[in-house]
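A quick write-up on the structure given underneath.
There are 2 protein chains.
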Amino acid sequence: MNDPIKIAVDAMGGENSPNKVIKGIEIHNSKNSNIFYNIFGNEKIIEPIIKKTNLNYKNYKIFHTENLIKDEDSPLSAAKKGKNTSMWQSIESLKKFESDAIVSAGNTGALFVIAKLNLSMIEKIDKPALSALWPNKNGMNVVLDLGANIECNEKNLVDFSLMGAALHKSLFENEDAKVALLNIGSEEMKGNNIIKNTYQLLTDKKNSLFEFKGYIEGNNIMDGNVNVIVTDGFTGNVALKTAEGTANFITSELKQALNSSLIGKISSFINLKNLKKFKKKLDPRLYNGAILLGLDKPVIKSHGSTDEIGFANSLEVCEKIINGKLIDKIKKNII
Amino acid sequence: MNDPIKIAVDAMGGENSPNKVIKGIEIHNSKNSNIFYNIFGNEKIIEPIIKKTNLNYKNYKIFHTENLIKDEDSPLSAAKKGKNTSMWQSIESLKKFESDAIVSAGNTGALFVIAKLNLSMIEKIDKPALSALWPNKNGMNVVLDLGANIECNEKNLVDFSLMGAALHKSLFENEDAKVALLNIGSEEMKGNNIIKNTYQLLTDKKNSLFEFKGYIEGNNIMDGNVNVIVTDGFTGNVALKTAEGTANFITSELKQALNSSLIGKISSFINLKNLKKFKKKLDPRLYNGAILLGLDKPVIKSHGSTDEIGFANSLEVCEKIINGKLIDKIKKNII
């Protein structure tokens, strides 16, 4: 048997933690063997929760930390709280080679800053990017950057293409990575100079990791013709959040429409199974987990408001990234 | 009785024209009196269609044009085709004070360029913007810019706030206009310098047309707390198209889920009325029509792929804008 994968878990971040974190570990552990969890947080709170689970003490170790970073802390004040927080300690365990990847459902800005303070950038990558999974008709897109960098140059966007493709290949090894640049038209003349120059660079410099498919417009993101969507952090953040808002709007309007009459309620009830299938396909917990790319260790951000199922899926993303050798893939393919 | 509102109609633009255009005029005319339509296009094609409608010859005049601008024409080649196209002539009829507003379902880029060549900018407005209606929980948002300007400075974004608010007040006179800047966080420190400076300008310079409500994130666009959303043309275009793509994705997944079993089909059938109500609320034809703001006459772009109902709604937008004195509202409130 191989050495187990070691995942550092910040148990104190996000709503309803450490409860959802520990239950998420239990769910993940029940489906995956050969994983070891280094759990960082307040042991007085964590231990009673763990006792109620089926977790075997051979599969985890608790590292007590007195402090924690709050959602309302600014990245700077979070970094100042420093060493004795669960977030800092869990990231430091990567630096010490005690863990292979880290998951936190805590403060995104703080996670970003503390990770950058503690870990090294992959050589030749200038800026880290925040990426996430986004469903399309045929599977999943990787989309980046989602807000780490408001302004990006050509080199950054080329790096993001490479890192996004490496992430997609790590998660879905049987699929080909197909990269597209988010733009406001599919013609070559559209967009600003940075996008046009990036188009040229990606066209000229062939590589074995991904196929470059040109520009994509917002309405085609979910068509499934490409699976890695590259943009600057401002545009990516707006696009992702707009999609989220639109999905919420539609499902709430739909719910209202289906509940607005007795016959509606009855037939929705009959139709429950199909609607559940629909809901499952769109369940954001299934693709929960933003991945910070560009550092020499995998840093995974679970959504602050997710539950134990969502957190378990973030652990799953961690595992796949390590098994898929994400960091190696990026290093080997730097353009 | 007041003089009729005169609308210049480019009959030759968009899919299935002039058929949908003439039928759209018929629908609009049946609900609205005191409108006169100046119809520009090939009379040999238009006349036989008009004869099949209930339109009274006192309500329209056909202006024959030999040429037309195609969707695949570049804006430059469209402008070169020039004077004898239905699009050029219909815009020129505004310049000659023969019409009060123009609607076209044709090539957006060409409409933009030909309008700029023929019409004057409103004094003190530097750049025109493309705006559109976007539903929210309580009614409709005006969103701009949607692609006319890839890069915008502070002055442009302040102008867009004013023009968007004027448009909202013209369309929905009983509602207060509430402006927000699209950003990637609601805190004041987020965003690039242009957005931060615009925030400051809008906070400092009070005006009687709208209330400035600060920043808004993509996921809150449809919440209904504000109704005028301001951003640069790149971000606005990506956001609008991403929302469109997400809505299409969800409705097609939903359809599939509801049709995937016999019981699903039966109960969907029972539920038809509610689903229809849902569909109607999201029907893009209901808010069809992008409005080019900043020129001293109203220029309305109907969606190329819309049908006669959508085109009739664009005519309705025209009428409301003229009755609501949009251009006067902008001129009186320039900051």
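So the protein sequences, as listed, match chains A and B.
If you want the numbering used here, it's the 1-based position in the first sequence plus 1.
If you want the numbering used here, it's the 1-based position in the second sequence plus 1.
Note that CB positions come from ideal geometry on N, CA and C, so glycine has one too.
Here's the rule I'm using: 16 or more other beta-carbon atoms within 10 Å means buried, otherwise exposed. How should B/K127 be labelled?
First, the residue type needs correcting, since residue 127 of chain B is Asp and not Lys in the sequence shown. Answer is exposed; the Cβ neighbour count stays below 16.
Determine the DSSP secondary structure at B/G325, reduced to helix, strand or coil.
coil
Can you find at least 3 beta carbon pairs, one from the stretch 228-240 of chain A and one from the stretch 175-184 of chain A, that sit closer than 8 Å?
yes
What are the start and end residues of each continuous beta strand (DSSP E) run of 3 or more residues lying completely inside the stretch 115-163 of chain A, in chain order?
130-137 and 140-145
Quick check: the stretch 251-258 of chain A against the stretch 137-157 of chain A, are there 3 or more CB pairs under 8 Å?
no
Are the beta-carbon atoms of B/D11 and B/S87 separated by less than 8 Å?
In terms of Cβ geometry, B/D11 and B/S87 form a close pair [threshold 8 Å].
Given a threshold of 16 other Cβ atoms within 10 Å of its Cβ, counted over all protein chains shown, does B/T199 qualify as buried or as exposed?
With 16 or more other Cβ atoms within 10 Å, it is buried.
Identify every run of the beta strand (DSSP E) within the stretch 209-238 of chain A, keeping only runs that are complete inside it and at least 3 residues long; order them along the chain.
Here the runs fully enclosed are 211-217 and 229-231.
Can you have a look at A/P49 and say buried or exposed, based on whether 16 or more other CB atoms are within 10 angstroms of its CB?
exposed
Is there a Cβ from chain B that is less than 8 Å from the Cβ of A/F161?
No, A/F161 does not count as interfacial toward chain B.
In angstroms, rounded to a whole number, what distance separates the CA positions of A/V51 and A/I23?
According to the sequence provided, residue 51 of chain A is Ile. The question's Val does not apply to it. Straight-line Cα distance between these residues: approximately 7 Å.
B/L294 to B/K138, Cα distance in whole Å?
Straight-line Cα distance between these residues: approximately 25 Å.
Would you give the residue range spanned by the alpha helix (DSSP H) that A/A79 belongs to?
P76 to K82
Hey, B/T247 and A/A149 are a contact pair by Cβ (cut 8 Å); roughly how many whole angstroms apart?
The pair is not a contact, with the Cβ atoms about 23 Å apart (cut-off 8 Å).
Chain B partners of A/M223, CB-CB under 7 Å?
G246, T247 and F250
Where does B/T86 sit, in a helix, a strand or coil, going by DSSP?
Three-state DSSP puts B/T86 in a strand.
Taking a cut of 7 Å between CB atoms, which residues from the stretch 139-160 of chain A lie near chain B?
G148, I151 and E152
Quick check: the Cα distance between B/N324 and B/N238, rounded to an integer number of angstroms?
28 Å
What's the call for B/G406, buried or exposed, on a 16-neighbour Cβ count within 10 Å?
Because chain B in this structure spans residues 2 to 336, residue 406 of chain B falls outside the shown range and cannot be described.
I'd like to confirm the pairing. Which residues does DSSP put opposite A/Y61 in its beta bridges?
A/Y38
Does A/G219 have its Cβ less than 8 Å from a Cβ in chain B?
yes
Can you round the beta-carbon distance between A/L56 and A/E27 to whole angstroms, since I take them to be within the 8 Å contact cut?
The Cβ separation is near 6 Å, so the contact holds.
Decide if A/N175 is buried, meaning its Cβ has at least 16 other Cβ atoms within 10 Å, or exposed.
exposed
Whose Cβ in chain A lies nearer than 8 Å to the Cβ of B/F235?
I185, G192, N193 and T236
How far does the alpha helix (DSSP H) with B/D11 in it extend, from its first residue to its last?
No alpha helix (DSSP H) holds B/D11; the beta strand (DSSP E) holding it covers I6 to D11.
Which bits of chain B does A/K71 rub up against, with CB to CB less than 7 Å?
Result: empty, since nearest Cβ-Cβ is about 15 Å, beyond 7 Å.
Please confirm if the stretch 214-228 of chain B is in contact with the stretch 207-224 of chain A, defined as three or more CB-CB distances below 8 Å between the two stretches.
no
Please list the partners that B/A240 has in chain A, where partner means a Cβ-to-Cβ separation under 8 Å.
G219, V239, A240 and T243
If you follow the beta strand (DSSP E) that B/S18 is in, where does it begin and where does it stop?
Segment: none, B/S18 is in no beta strand (DSSP E) and carries neither H nor E.
Report the rounded CA-to-CA distance for B/N3 versus B/F211, giving the unit in angstroms.
30 Å
Can you tell me whether B/Q201 is buried or exposed, with buried defined as 16 or more other CB within 10 angstroms of its CB?
exposed
Contact defined as beta carbons within less than 8 Å: I believe B/D74 pairs with B/A111. What is the distance between those atoms, to the nearest angstrom?
Distance from B/D74 to B/A111 at the Cβ level is roughly 6 Å; contact confirmed, criterion being Cβ atoms closer than 8 Å.
Taking a contact to mean a Cβ-Cβ separation below 8 Å, would you say B/S162 touches B/L203 in this structure?
yes
Do B/K332 and B/I103 come within 8 Å of each other at the CB atom, strictly closer than that value?
no
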